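Working notes, beginning with the structure itself.
Chains as they are written, first to last, in our numbering: chain P, 112 to 443; chain F, 112 to 443; chain H, 112 to 443; chain C, 112 to 443.
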């Protein structure tokens, strides 16, 4: 279902080529100043339009406030943000319908919804829905300030130098994947609850709502599997629980330990590659080759940082409210 | 909180050195035969007692049925399984209390619960709680049969040969981590729901409830981040959605695609290493060295397979019920 | 929070004098035909505009489909319905702000949200939000057809003859309350789940989301408290569980028993009475008299039937899905 | 399902004639002193053993602490309380199985669970499960102290004088129903959340988990339906929101308004009446007469007050935590 969160709860909706996408945010404290300007930076970052390797669909991507805002401040009632879809041409998709695009949800959506799904541009499975996650994140980030959630790309196409990674894609005329890292300093000790609301559980739950994510690791992550215990354990150095090393990524026993939260996610290559691919034609039942029409991102990972920051901030806002670290009425 | 699941819902409780650990399972179909015998194999596997590198705490680890079973079958009412704790000696832990064990939840629990936590043997954070997950998994596995969830260790201490990996730990007199892989064949197309109930979201949520897990990846996972799109996309080959490659790990768009579900988790080295470690003494406020008393597992990953199978089966049982693939009344 | 339901889940938002009210409906089966026309009857009934005693705010009250509909059918993705607010004049409310209207949420909203609430016309607490419940109900009713939910007014101002009751209000120049009864025939045996998802629990939960409801009773309800056991017990007469009497209102042990579902709700008199009232002026701290401006319903109960049908259908849709009596893909 | 609550969450389990009934309480603050003695008063009140009209099943009804308690205080981990069933004789029920007892859940349970339900003494539908609600209530009451939840019987068998009402039952050799009222003074303004977590919604939800409840009304309740607006509205008299009258029962707009919380519930007559009744024999498909064996309560309402206090306290504990009025770590 499209709902997540206990005290800070988010419901997202919409389709790529439908009328709109949007989000209802429930549980935001009353009295928090909020305006369209707050959304510009992150929605722009999500577009990635100025970077090599991202597609130029230039919608304004700014929210219409449909509820929950009054006199420039949140009211405590559900905050509804709507993003209209413009410049959508659906004709291309009609033709292409008989052919489920490899890597996309076309096939599973068709089976799950009996052919009634909105198939244009991925419909409800579209990356466009991440705009809703970014928007919820803008609100959540403001709630948890001065805590700061920072996501950065650490690897593209297997290269630590990102330009090099992108150039590989351009040269190869194929899409590439990447790795995005997220860090949050200054978290209090004690966020997260055993067993099923561990920080890792909730963060991973939210993170895997982002399309194209295929892995997550905290601290040393998969590297920890190759380490010795003495090497991995972070020795506590003072009464605040600070450790010199941070192999745990700031979480022990599922609970924040006062050190920096650090985790990484793996993003698969954009499914819409410029390369010709093999696939099945549902109507004929025959295999055929297939080429993606139009321009698409060579590397979807480039757009992920504000989305990852968004879902991380959502989880932190919820957990901080549970621990009574965020007041129900906002005072600036 | 200690509750998970929508239609197949599990509540776990207990402490390492308290009176018991246990689980309440709600949503199990009525009429499913169940007996203590059903639990032997997986609870024995969890002990790992016959393998090098695991500790010999030989409790019987068989459940007492406290509710929900009648005439050898489930009734549709909550099924409560209790495991009594025996052979627990708490004295050791009293002495050690001033010293939070590196890698364990001692410090975070103390801060979160104001010193009221049961600190003996990790209390509620103990790996002993995984017995509850195994038990819930036994029930879930029976519900989803003939689907079969199979978890295997694929790496110990960085070695694909597991004996070699364990020998490293023994030689080094230190603990080691490992990687466990989980596979499920025969899943129907269509499990999982966008956006927040994607299969990856729910599986990751449940998996990170297992102590010591620090990463999860589906299909090619982190490897996907280094691949080109053409290479990663799994071409559909027939009307059932079968693909020759399985880089997606059986999940596209968060939905099962009819191919094998494949994912891996990273297990950190056992926090209780035989090595001497540095830590803080809370009472004195001074750093000191610390050695774990008693015997402990050199590699906790060895015990993980039945636990991982358990939480996986729990998620699948819930999703299969949502898709109406499991009847509310069991007929053998 | 503004979210309800497990498999058929509804999120409502909006304010009386904000830009809009609306609802996100998640879990509706794919392939169900739906059009604006489906909403006309119930949204018109909710207006009650042709009846004595209701106010003439004549908005069109027809939904804009913002997501989840494609080619005239539901897609399985969240269905978002938006109702724009027109003809709202807020000026009146500004002046009146210092005076919390008796019977309204003005005071509690001010205290709960620190004065940041949208106070115009009751803001998020407005009866206008019931439009969202009606809309969700239209969808739910269609899902559960041919089951039919029928709510009727059985008492107004203490009179069984409704015209007489309304005339009392007009003569007295005061508002009046009423009683609305809801009936559903043909429900299968077995809906509802012990203990916290009993049919009564879920219906009451949903029903008390309707503003002005102050009581609910099932079957004989409060009358049962005055009966003898022999009198109250409904004797089962055949293998279908049918009973001649229906004091239980179709629910035994929290579970539907195959007989007609019957329950009644008590609606308080419209808080906005034409009479002069005493209240407090927050700014001066003095008591003063107060008169409601503009025209208001003399009897809000007149508008309740389609709202009550709506929330009832929502609960039934959810429970029928849990019992696998509604398919995930709709076939007409 | 058998789980309720968001921050203070309760899971109940068990059967009348199974091994035990019990409750897992999650979300209780750490550090709260708790002992068996705390449970004596309310579990004794629930027995009603010294009153006319209640049955003498004299189990000790004291909880075994299975988890969550350490050194006499709560730990913050789930608190599990188990009540063993003793003195249960099942033989009677075996014979009677072919005959669904009128007013009981026998028929619906059989249909819902396909005959696999534990039918002895009502199984999971038994009033014995209310012991779990009382126990959860004892914990919740302690959390919300010095707030005091007080439930009293206001009517038995249609009589305000309770002795007279019971005597009616004894004379008539039949069971009778009753009305129980619940009051809580001193609640802060602002508990409850629109729309679906209104105080009325949550209280009603929890209250209808109590077997035999057939109605609930807040403040003037059904009486409000017969009142004029001027009469029903409670005029605010001071800046604390205090009102002279309390027709709203302390709740406006679903939110506590600072006045006394007042609500009443209707309890049907005990289904097990001493009178001979008509019912169906499932095996023969014939109607037959039926008499309840053994001694049963003439008026189940007599046992309800501590149960009603319990579920009320559960809801208040949850809402007070959401409003950050209860600390996560208890300090005495």
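C-beta: ideal position from N, C-alpha, C; glycine also. Quick caveat: nothing in here was measured; it's all calculated off a predicted structure.
Close Cβ partners of residue i (< 6 Å) along its chain, the five nearest in sequence each way excluded
| i | result |
| --- | --- |
| residue 315(P) | 327 |
| residue 430(F) | 302 |
| residue 420(P) | 248, 260 and 262 |
| residue 177(C) | 191 and 193 |
| residue 142(P) | 184, 440 and 441 |
| residue 393(H) | 209 |
Option nearest residue i by Cα separation, candidates the options
| i | options | result |
| --- | --- | --- |
| residue 214(F) | 206(P), 339(P), 263(P) and 228(P) | 339(P) |
| residue 197(H) | 127(H), 376(H), 191(H) and 441(H) | 127(H) |
| residue 385(P) | 399(P), 134(P), 408(P) and 228(P) | 408(P) |
| residue 379(F) | 372(P), 358(P) and 378(P) | 358(P) |
| residue 190(C) | 147(F), 130(F) and 226(F) | 130(F) |
| residue 243(H) | 230(H), 158(H) and 181(H) | 158(H) |
| residue 184(F) | 208(C), 146(C), 364(C) and 227(C) | 227(C) |
| residue 221(C) | 171(H), 291(H), 210(H) and 351(H) | 351(H) |
| residue 209(F) | 254(F), 395(F) and 367(F) | 395(F) |
| residue 370(F) | 376(F), 322(F) and 346(F) | 346(F) |
| residue 313(H) | 427(H), 255(H) and 405(H) | 427(H) |
Between the CA atoms of residue j and residue i - distance to the nearest angstrom
| i | j | result |
| --- | --- | --- |
| residue 284(C) | residue 293(H) | 34 Å |
| residue 336(H) | residue 374(C) | 15 Å |
| residue 304(F) | residue 234(P) | 14 Å |
| residue 439(H) | residue 135(P) | 24 Å |
| residue 144(P) | residue 194(P) | 20 Å |
| residue 372(C) | residue 360(C) | 5 Å |
| residue 363(F) | residue 119(F) | 24 Å |
| residue 187(P) | residue 179(P) | 7 Å |
| residue 252(F) | residue 147(F) | 15 Å |
| residue 368(H) | residue 422(H) | 20 Å |
| residue 444(P) | residue 123(P) | Coverage of chain P is limited to positions 112 through 443, which leaves residue 444(P) absent and any answer about it impossible. |
| residue 140(H) | residue 437(H) | 8 Å |
| residue 224(C) | residue 216(C) | 12 Å |
| residue 174(C) | residue 132(F) | 16 Å |
| residue 181(H) | residue 231(P) | 10 Å |
Under 9 Å from the C-beta of residue i: neighbouring residues of chain H
| i | result |
| --- | --- |
| residue 431(C) | Result: empty, since nearest Cβ-Cβ is about 13 Å, beyond 9 Å. |
| residue 287(C) | 336, 337, 338, 339 and 340 |
Close-in-space but distant-in-sequence residues of the same chain around residue i (CB under 7 Å, 5 per side omitted)
| i | result |
| --- | --- |
| residue 297(H) | 258 |
| residue 381(P) | 286, 407, 408, 409, 410 and 411 |
For residue j and residue i, believed in contact at Cβ under 8 Å, the rounded distance
| i | j | result |
| --- | --- | --- |
| residue 249(H) | residue 149(H) | 6 Å |
| residue 267(H) | residue 273(H) | 5 Å |
| residue 425(F) | residue 116(F) | 6 Å |
| residue 245(H) | residue 418(H) | 6 Å |
| residue 329(P) | residue 311(P) | 6 Å |
| residue 416(C) | residue 318(C) | Not quite, the Cβ-Cβ distance comes to about 13 Å (not below 8 Å), so this is no contact. |
| residue 473(H) | residue 383(H) | Since the first residue of chain H shown is 112 and the last is 443, residue 473(H) is not available in this structure. |
| residue 113(F) | residue 401(P) | Not quite, the Cβ-Cβ distance comes to about 48 Å (not below 8 Å), so this is no contact. |
Chain F residues whose Cβ lies nearer than 9 Å to that of residue i
| i | result |
| --- | --- |
| residue 117(H) | 117 and 118 |
| residue 434(H) | 439 |
Residues near residue i by beta carbon distance below 8 Å, same chain, minus five either side
| i | result |
| --- | --- |
| residue 434(P) | 299, 301 and 302 |
| residue 353(P) | 347, 369 and 370 |
8 Å Cβ cut-off: residues of chain P touching residue i
| i | result |
| --- | --- |
| residue 229(H) | 181, 186 and 188 |
Under 7 Å by beta carbon: chain C residues contacting residue i
| i | result |
| --- | --- |
| residue 238(F) | Residues of chain C passing the Cβ test: none, with the nearest at roughly 15 Å. |
Neighbouring residues, chain C, relative to residue i (Cβ below 8 Å)
| i | result |
| --- | --- |
| residue 278(H) | Those do not exist, as residue 278(H) stays about 13 Å from chain C at its closest Cβ, beyond 8 Å. |
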